[in-house]
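Residue numbers (the UniProt record's numbering): 1 to 631.
Just so you know, even glycine gets a beta-carbon here, dropped at the ideal spot from N, CA and C.
None of these values were measured; they are calculated from a predicted model.
Input: a single structure, listed below in structure tokens.
Okay, here's the thing in structure tokens:
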């Protein structure tokens, strides 16, 4: 994300570093700031106030001349040292062109006086009346903009409407009931070795609550361990539900001795800090900052709220050993083997095969379910949504798109939220950490922030919403590629099972897909037959429509046909032979009438080409299998 700072000619980029970034205006360390690639400077979010003070007249240390803000460092013909403190100035400084003198930002802030300052009893420095830019968040409410006050020396930012926080300069926090916590406005004391928040572990800012009684001890107080809290951490919820765990979790301080790992980010948890833990699962804990993320917590405080027992069982067992499933009107009987290969599971929309299954007891009803699918809970929590997921089924009138992998679900079961988010059974069954054969380390769910983009290692497509990834190795997969089947039976091509391969870096020479007869790249993912030694494009094997039966419908009248004939039809969008397992067939011709022969019937090789039909006249559209990297 890029933006403009007042008075600066170049656009700057938002940057974040967990260990803090080096600012070219001060010597402090914060994790969020801005960077200008043209002027080569980096500035903390708390220091961008200098761009609102481009020129200073009659500064107490330099009366009579004008000091101007420079962003490229001291001019070559001047002494780079600050004429007040004697230290070398940084890239951002104030310069007098008449006297050739330089003044660093901190010295400017320490000595500047004006009638616009406000003296308050709870802060040791005068506060500057300030019209905040939309990039400086208030230390109380974390909101940007509005009128307020600012301390150039401490970098304290506070809205005028947030002054009510100082009505309670002392609080009693549930995790530190022995002593009161006092409000400080200038950050942690210099003698405090550990300046991180002892609730969430993050770096503390200017506005904190602090226990000065524990600091009077000659050594670290064992009971309190230098209790320092963020303003926001004093209001952490006590009991919550997170989407990474089935049970409620409660805040506990300290967490207690042991080797703890966060159930969300899978980083270690310092047991001396506060964290959320589960009373039913003694080894489960979550960082407080991870537990209260908007994509993890639904925002509800459950302390004192009785826990309701939800009915999550999908069926009831009858006396005759049949079951009554919520998704079907008839009773279902259990079977151990299916002799018909054409039977498809009504939930997963895959052939039943040799798995145990349930079949409708009515002779004229073909409804059938894998035993595993019949046991899917009606409600569950999953990391894909902070809201609980409810098991539902796709209606015949409308197909649904999975919010994670963006694949089309024409039939079968889906999990939905009350906000109309839908997730297919594959994506909603993934657990973290996710183990994938394409990478040596486990993968975690990553909700991308605004402006972030991650590229899938397999397909090369950029994603700006959600991915699975290993941040340390910069390895990311989108949900479509992460859930590709490891083995596929492709009877229309070969009786042998096909295996998913993750690329061979040592491969050399040219390889061809035996289905579409186009070149494949063996260094990227592909399907292969170990007996025949062939390589096949992923799209040619699995297509881009997952949950559908042969002869199923899309968009009410487009029928899906199996692509198993010797002569493959031409796609009316990309003009290529349809390579995938299914063909979209439109019984209507270009003029909107039902065709009497195949001369003007519309065929589509994929849902991708089906959607692009309306744009066909805008240019030559490339089929999806031709978009695979390096092919």
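Who are the near neighbours of residue 9 in its chain, counting only those whose CB is closer than 7 Å to its CB and skipping five residues on each side?
Cβ neighbours of residue 9 beyond the five flanking positions: none.
Would residue 585 pass as a contact of residue 608 if the rule is Cβ separation under 8 Å?
Not closer than 8 Å, so no.
So does the stretch 240-249 actually touch the stretch 267-274, counting three or more Cβ pairs closer than 8 Å?
No: the two stretches stay apart, fewer than three of their Cβ pairs being nearer than 8 Å.
DSSP on residue 372, reduced to helix/strand/coil?
DSSP places residue 372 in helix when its eight states are reduced to three.
Please report how far the alpha carbon of residue 66 lies from the alpha carbon of residue 55, in whole angstroms.
Distance between the alpha carbons of residue 66 and residue 55 is about 7 Å.
With DSSP as the reference, label residue 392 as helix, strand or coil.
It is a strand residue.
Under 8 Å between the Cβ atoms of residue 350 and residue 344?
It is a contact, given that the beta carbons lie within the stated cut-off.
Are the beta-carbon atoms belonging to residue 496 and residue 516 less than 8 Å from one another?
Going by C-beta atoms, residue 496 is not nearer than 8 Å to residue 516.
Measuring CA to CA, which of 130, 181, 297 and 118 is closest to residue 238?
It is 297.
Could you name the residues of the same chain whose beta carbon sits closer than 8 Å to that of residue 313, not counting the 5 residues immediately before and after it, in chain order?
Once the five neighbours on either side are set aside, the close Cβ partners of residue 313 are 377 and 378.
Please identify the residue among 286, 100, 431 and 39 whose C-alpha is closest to the C-alpha of residue 76.
Looking at the Cα atoms, 100 is the closest of the given residues.
How close, in whole Å, do the beta carbons of residue 361 and residue 330 come, if the pair is a contact with beta carbons under 8 Å?
Contact holds; Cβ gap of about 6 Å.
Quick check on the DSSP output: the alpha helix (DSSP H) that includes residue 157 runs from which residue to which?
Premise fails: residue 157 lies in the beta strand (DSSP E), 156-159, not in any alpha helix (DSSP H).
Can you list, in chain order, the residues of its chain whose CB lies under 8 Å from that of residue 187, leaving out five sequence neighbours each side?
154, 195, 204, 205, 206 and 208.
Give me the Cα-Cα distance between residue 125 and residue 85, rounded to the nearest whole angstrom.
Distance between the alpha carbons of residue 125 and residue 85 is about 19 Å.
Whose CA, out of 336, 337, 335 and 316, lies closest to the CA of residue 328?
Measuring from the Cα of residue 328, the nearest candidate turns out to be 316.
To which residues of the same chain is residue 641 closer than 8 Å at the C-beta, ignoring the five residues directly before and after it?
Since the first residue shown for the chain is 1 and the last is 631, residue 641 is missing from the structure and cannot be characterised.
Let's test the definition: count the other Cβ atoms within 10 Å of the Cβ of residue 411 and tell me whether it reaches 16, buried, or not, exposed.
Classification for residue 411: buried.
Nearest to residue 107 by alpha carbon, out of 118, 90 and 119?
The shortest C-alpha separation from residue 107 is found at 90.
Whose CA, out of 170, 522 and 539, lies closest to the CA of residue 481?
Out of 170, 522 and 539, 539 has the C-alpha closest to the C-alpha of residue 481.
Going by DSSP, what residues sit across from residue 455 in a beta bridge?
In the DSSP output, where bridge partners are listed per residue, residue 455 has 462.
Is DSSP giving residue 58 helix, strand or coil here?
DSSP places residue 58 in strand when its eight states are reduced to three.
Skipping 5 residues on each side, what residues in its chain have a beta carbon closer than 6 Å to that of residue 434?
Here the set comprises 443 and 468.
By the three-class DSSP mapping on this structure, what secondary structure does residue 608 have?
Helix.
So within the stretch 297-373, which uninterrupted beta strand (DSSP E) runs reach at least 3 residues, ignoring any that extend past its ends?
Correct list: 315-317, 323-325, 332-335, 357-360 and 368-370.
Measuring CA to CA, which of 32, 390, 69 and 63 is closest to residue 17?
Nearest option by C-alpha distance: 32.
Check the C-beta distance from residue 70 over to residue 93 and give it rounded, since I have them as a contact under 8 Å.
Right, the Cβ-Cβ distance comes to about 6 Å (below 8 Å), so this counts as a contact.
With respect to the beta strand (DSSP E) encompassing residue 96, which residues constitute its N-terminal and C-terminal limits?
Where residue 96 is concerned, the enclosing beta strand (DSSP E) stretches over 93-96.
From residue 284 to residue 243, what does the alpha carbon distance come to, in whole angstroms?
Roughly 14 Å separates the two Cα atoms.
Rank 502, 455, 543 and 185 by C-alpha distance to the C-alpha of residue 523 and give the top, closest one.
That would be 502, whose Cα lies nearest to the Cα of residue 523.
Would residue 332 pass as a contact of residue 347 if the rule is Cβ separation under 8 Å?
No, these two residues do not count as a Cβ contact at 8 Å.
Using a Cβ-Cβ cutoff of less than 6 Å, which residues in the same chain neighbour residue 593 once the five nearest sequence positions on both sides are dropped?
Reliability of the predicted coordinates at residue 593 is poor, the pLDDT of 49 falling under 50, and the value obtained from them is presented with this limitation in mind. Closer than 6 Å at Cβ, skipping near neighbours: no residue.
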